[in-house]
Structures are given as structure tokens and as C-alpha cells.
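Visitor:
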Amino acid sequence: MRAAAFTELIGPDGVSVIDRDDPEPGAGDAVVDVDACAINRHDLWILEGDSAMVDTGDLPFVTGLDVAGTVREVGEGVSSVDPGDRVVLCPNETCGECRFCREGPENMCENFSLYHGGLAEAARVDADRLVPLPDGVDATTAAAIPTAYTTAFHMLRRADVGPGDLVFVPGATGGVGVATVQLAEIIGARTVGTSSSDSKLERVREFGLDHGIQSTDVDEIRERVAEIGAPDAVINHLGGEYTELGQHAMRRGGTMVICGRTAGGTSSIDVADFFLGHKRVVGSTMGTQDDLRRLVDLVADGALEPEIDETFSLEETGDAFAAMQDRESVGKLIVEP
869 MRAAAFTELI GPDGVSVIDR DDPEPGAGDA VVDVDACAIN RHDLWILEGD
919 SAMVDTGDLP FVTGLDVAGT VREVGEGVSS VDPGDRVVLC PNETCGECRF
969 CREGPENMCE NFSLYHGGLA EAARVDADRL VPLPDGVDAT TAAAIPTAYT
1019 TAFHMLRRAD VGPGDLVFVP GATGGVGVAT VQLAEIIGAR TVGTSSSDSK
1069 LERVREFGLD HGIQSTDVDE IRERVAEIGA PDAVINHLGG EYTELGQHAM
1119 RRGGTMVICG RTAGGTSSID VADFFLGHKR VVGSTMGTQD DLRRLVDLVA
1169 DGALEPEIDE TFSLEETGDA FAAMQDRESV GKLIVEP
């Protein structure tokens, strides 16, 4: 089979299509013929050499978390899926033994990791991590959901966002940002988002963004958010200087949830404002398999339509990462092997 592998950790030019043996299922596994696989910032960090989990000794490395396709074959002991089933993968990998695996939520597993291997014509996966796709939910749409939408969904839940709340989304035109705007609209919450591009903000307004701020200057953003109102919640997938911005922008008793570090791996906290304002800062990684099931149901019911910016063939995987690196896309980038 063909796979789009990282052969050098130098950015998009380090992607090559290689031949690999077809996968065979072990006990508890399923082999999925991959119809679509989304790429994520997580993958790009690996490709740029900015991830501790992969180094040159692991090359060639095949990434790809968000797998959707059709079950080709199952291994011994598998009863949850059958060959021919259309499925999407929950990419969570958990130990199944720690207190969080026993009591939940699973994404707090003490040994939490993520699946890699979807940027190929076929993938061997844990069969129990496959979620069936209802009629009407195609593979390309399904592949957009697992990372960006479950992450945003779980963050909104952790911030206890409800109807009428104001949600601040720095970087509203990225994958998690767009997902947050769409899901907040379903909840009935209002959103204020930022971007360096007014044209990208215009696109996100079509998905439900209530207030757009074209700026990357944190002082200007703080002033303009204050003119709109004090957010009840901040969904922060950027980190860096946007953490202190979010802290000062949100209302007394507000909650900021952080899931990423695109703008920087360290942040400052104004300690006095933090405790005097009764504010909360919460970390969050991905979501749960039940979150994914619920989101698939929302798509099947027509309540949610994940935004897909562009699709690419397997041979164009490097171009997909170049598009992500250029930050010109709005919504998900999908490879269709």
C-alpha cells in the first residue's frame, strides 16, 4: 500500500509517498481502508521537528489521527465492528488501567497518547475505538470531526458554556476556532473571535461568529473585547501571550480553557487578578469517545456541518501541510488516500 510518510523533519518538503506492506489485524484490531484523514497542527509540529515524541530515528514516520473509511478486516475477538462497516476513529490511546480510565473522563488517562498512521491507503487500529457512521455522513466530513471538533466540544463543556454566554475565541479561523464558533452557535452562546485576516473573519461570520476583531495586537484586542462585553469563557488554543489576554478579558468568575501552544509554550498569569477575580484556568486535551459519538449524531441530524477548507490526494499531502503552515485556510484540511 501507499503511505504519505515524513522522511525528513524539515516541514512540508519532508513528506514523501512510500510503499509499505498492507497491515494485518492482530487480536482486537481492525484494518480500515482509509477514505479520508484530516491533518492537524499536532502533525505539523512533528513534521517541523518541534515534537518530543518523534525524532530522526523514527523515520519514515506516518502520522494522521483523524481516520474515516471502511472496515476491511477484523482480528480475533472483535465484535464491535464488521467488515464493510463505515467508521470514524477516535484517536485516543489510553492505558485502560489508571483511575481516569476506570472512572473517566478517558482523555485524562495518566498514559494518554494519540493514534498515528492514517495518512495511508489502509490503517490498523484498535477496533473498540471505531465509531459507526450513520447514512448521510460521508467519510470526508467524518474525518474533520475527531481532533478539532471533539477538542472544542470538550472545552466548551469544561467552561460550562450555556445559552446567552459570551465566548472569546482568539484565533477563530483555525480548526479548533471554527469548531468552537459552530458549536457555540448550536448551544445558543455568542462569540467574539480574532484573526489577522478580515477575509477569513468574514468566512467565519458565515458559520455564526457574532463579533470579529482583525488584529494580533493583544492590547488592541483587549480594548475591543471590553467594548463588546466581558466574556463568560475563553477558548484558548493559542497559548503564549493570549493566555494573559484571555485572563484579563474574561468576567469576574469566568473560565479560560487552554488546549494548545501555537503562539507559545509559556504564558504569564496576573496572580492578583486571578484570585481576586475568582477566575479559573483549565487545561484540556482532546475529548472523549462519547463526545465524538455525540458530534457524529449532530452531523447526521443536520445540526452541524464541519467546515472543510480543501481536500488533497495522498500525493499532495505535502501541499496540505504547506497550506496549514501558510495559515491561509479556514476550517479543516483533508487528505483522501
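For the sequence shown, position 279 matches number 1147 in our numbering, and the numbering has no gaps at all. The beta-carbon is built from N, C-alpha and C at its ideal position, and this holds for glycine as well.
For Ala988, which residues does DSSP report across the bridge?
Guide: DSSP lists Ala871 as the beta-bridge partner residues of Ala988.
Visitor: Which residues share a DSSP beta bridge with Cys969?
Guide: In the DSSP output, where bridge partners are listed per residue, Cys969 has none listed.
Visitor: Please classify Pro1031 as buried or exposed, where buried requires at least 16 neighbouring CB atoms within 10 angstroms.
Guide: exposed
Visitor: Excluding the 5 residues preceding and the 5 following Pro1014 in the sequence, name in chain order all residues of the same chain whose CB lies nearer than 7 Å to its CB.
Guide: Leu933, Asp934, Val956, Leu957, Cys958, Pro959, Leu1160
Visitor: Tell me whether Thr1123 sits in a helix, a strand or coil according to DSSP, three-state version.
Guide: strand
Visitor: Taking the straight line between their C-alpha atoms, what separation do you get for Phe866 and Gly1199?
Guide: Past the boundaries of the shown model lies residue 866; the chain is included only from 869 to 1205, so the question cannot be answered.
Visitor: Just grab the DSSP bridge partners of Phe1036 for me.
Guide: Val1060, Val1102
Visitor: Judging by CA-CA distance, which residue of Thr1008, Arg1026, Ala936, Lys1068 is the nearest neighbour of Glu1196?
Guide: Lys1068
Visitor: Excluding five sequence neighbours on each side, which residues of the same chain lie with their C-beta closer than 8 Å to the C-beta of Leu998?
Guide: Ala898, Val900, Val939, Ser948, Val949, Asp953, Val955, Val956, Leu957, Cys958
Visitor: From the DSSP output, in three-state form, read off Val1049 for me.
Guide: helix
Visitor: Using only CA atoms, which one of Leu987, Gly917, Leu1106 lies nearest to Thr1041?
Guide: Leu1106
Visitor: I'd like the list of long-range same chain contacts for Thr982, defined as Cβ closer than 8 Å, with 5 residues on each side in sequence excluded.
Guide: A small correction: the amino acid at residue 982 is Leu; Thr does not occupy that position in the sequence shown. So the list reads His910, Leu933, Pro959, Asn960, Glu961, Met1154, once near-sequence residues are dropped.
Visitor: Please confirm whether Ile1176 and Thr1009 have their CB atoms less than 9 Å apart.
Guide: When the beta-carbon positions are compared, Ile1176 and Thr1009 come within less than 9 Å of each other.
Visitor: Considering Cα atoms alone, identify which of Thr1185, Met1124, Gly1128 is closest to Ile1137.
Guide: Met1124
Visitor: Buried or exposed for Glu974, going by 16 or more other Cβ atoms inside 10 Å?
Guide: Buried: at least 16 other Cβ atoms inside 10 Å.
Visitor: Is it a yes or a no for the segment 985–998 touching the segment 877–897, going by three-plus beta-carbon pairs under 8 Å?
Guide: yes
Visitor: I believe Val1037 touches Gly1045 by the beta-carbon criterion, under 8 Å. Please report the beta-carbon distance rounded to the nearest angstrom.
Guide: 5 Å
Visitor: Give me the DSSP bridge partner(s) of Lys1200.
Guide: Ile1176
Visitor: Can you tell me whether DSSP reads Pro1000 as helix, strand or coil?
Guide: strand
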